[in-house]
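The structure under discussion appears below in the form of structure tokens.
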Amino acid sequence: MSMVALPGLKDMIDSISRERNLPKLSVQAALREALMKGYERFRRTQRMDSPNFEEEYFDNFEVELDTDEEGFRVLATKTIVEEVNNPDHQIALKEVQEVAAEAQPGDTVVLDVTPEQGDFGRMAAIQTKQVLAQKLRDQQRKLVQEEFQELEGTIVQARVLRFERQSVIMAVTSGFGQPEVEAELLKRDQLPNDNYRANATFRVYLKKVSEGSHRGPQLLVSRADAGLVVYLFENEVPEIQDDIVRIVAVAREANPPSRYVGPRTKIAVDTLERDVDPVGACIGARGSRIQAVVNELRGEKIDVIRWSPDPSTYIANALSPARVDEVRLVDPDGRQAHILVAEDQLSLAIGKEGQNVRLAARLTGWKIDIKDIKKYDYEAENEKSAALEESRRLAQEQAEAEYYEDEYYDEEEYETETEQPVTAVESQPETSENESTEDEI
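Plus 393 on top of the position in the sequence shown (first one is 1) and you've got our numbering.
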């Protein structure tokens, strides 16, 4: 069998395998695909009269690598026929029977169609090189996806490599002894207080493992995701690990809209144990546990509050550290509440540039309006609430009336369609077999 020589093939496969952290079998598979594309390019140059091959034209061809002799062969699977219409896919029965007399039409044979060493051509070699680079990238992305898919939504250790535009390119690993893989930390996922110097290490939240063949890092990581706060508390608070204390909700603003406002997080916790204080468990003795979380987040403010099934209590807790005098659920269906506080608590409840009330609203899921209790008009607000309730009641009644009206017309139409027409049949007198007609008499 003929062969196209590839000097240094074995060393090249070993080198690519080490440099790209790919198994040798994956490198060989990529090389076979690339050589097949090169052969297709060679065939197109040989048939300039009809260069447009169909997409599946070369499906019966394959490349065989020989690492011992350092070269490759091209093999074609052809069908035995009486009369050949396509020599790339078919072979004459007479030709095969000269070698194998038992051959029959419809059988297949594998033939060596390797081109001569000098005929492969420069353009085919360039095509092979380009395709090989792409196939190796695809193999790498596939392995990265398989390696990190199960780690999506968890915390990984990352090291700063370089900076590209406003993104930080970091090296992450899936476990001890595993090779490092590049990940991208976008601008919106960075913390303003972090110092991303070269080789600095951070704990990051693995947001997404991208698929496809687009350029750039395949992994997206974050330092601003609420999942990072949850992980840090789980790591510092044994009661959370043991499911004694549970984290109910988290609202985080790691990148505030204004540079005059720092990052802040509110976290709601709860427990079913009567003798356990969930807030105290998260804070720790003299604030040791929460301080460890704050240090990891570079001084980010964190409010730990007690969750409550009662919306009024929950909202009042969420506005900590402000002191709330009264919570009025003015529109429970629309989840809207008025929070009444003393005048000296207004700025504290709202927070700098509205950050405190904004986070409380995200944490509870309620629309919160902060009001001065001394200026609050109970009578006017009660009238508004009553009018809102009445308008909703009327809208509900109208919707129900329209629904039943539609149902009535649908049933009436159905009954009309299913009524069967009555056909009059003229009755004829019955004649018994024993009676004779007048004609017979």
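Glycine residues also receive a C-beta, built at the ideal position from the N, C-alpha and C atoms.
Between Leu-418 and Glu-463, the gap from beta carbon to beta carbon reaches 9 Å or more.
When DSSP reads this structure, Thr-658 sits in a beta bridge with Arg-645, Ile-695. Look at Val-397 here: in three-state DSSP terms it is strand.
Taking each of Val-477, Pro-508, Arg-691, Lys-403 in turn and checking the Cα distance to Glu-433, the smallest one comes out for Pro-508. Around the beta carbon of Gln-542, a 10 Å sphere encloses fewer than 16 other beta carbons of the protein chains shown; the residue is thus reported as exposed. Here Arg-555 is exposed. Its C-beta has fewer than 16 other C-beta atoms within 10 Å.
Around the beta carbon of Phe-595, a 10 Å sphere encloses 16 or more other beta carbons of the protein chains shown; the residue is thus reported as buried. Secondary structure remark: continuous beta strand (DSSP E) runs of at least 3 residues inside the segment 397–462, in chain order: 454–459. A straight-line Cα-Cα distance of about 20 Å links Pro-572 and Lys-600. Glu-719 sits in a strand when the DSSP states are folded into three classes. Distance from the CA of Arg-751 to the CA of Leu-536, rounded to the nearest whole angstrom, comes to 42 Å. Nearest neighbour of Tyr-624 by Cα position, chosen from Leu-424, Thr-547, Val-669, turns out to be Thr-547.
Counting the other Cβ atoms within 10 Å of the Cβ of Gly-431 gives 16 or more, which makes it buried. Under the DSSP assignment, Ala-564 falls outside any alpha helix (DSSP H), being part of the beta strand (DSSP E) whose first and last residues are 560–565.
Look at the beta carbons and you see the segment 779–787 not touching the segment 737–745: under three pairs across the two are nearer than 8 Å.
Around the beta carbon of Val-686, 16 or more other beta carbons sit within 10 angstroms, so the residue counts as buried. Following the DSSP letters along the chain, one finds Tyr-598 inside the beta strand (DSSP E) bounded by residues 594–602. Between Gln-421 and Gln-538 a beta carbon distance of about 21 Å is seen, past the 8 Å cut, so the two are scored as non-contacting. Nearest neighbour of Ile-761 by Cα position, chosen from Asp-670, Gln-748, Lys-768, Glu-577, turns out to be Gln-748.
In this model, Asn-688 and Tyr-589 are separated by some 16 Å (Cα to Cα).
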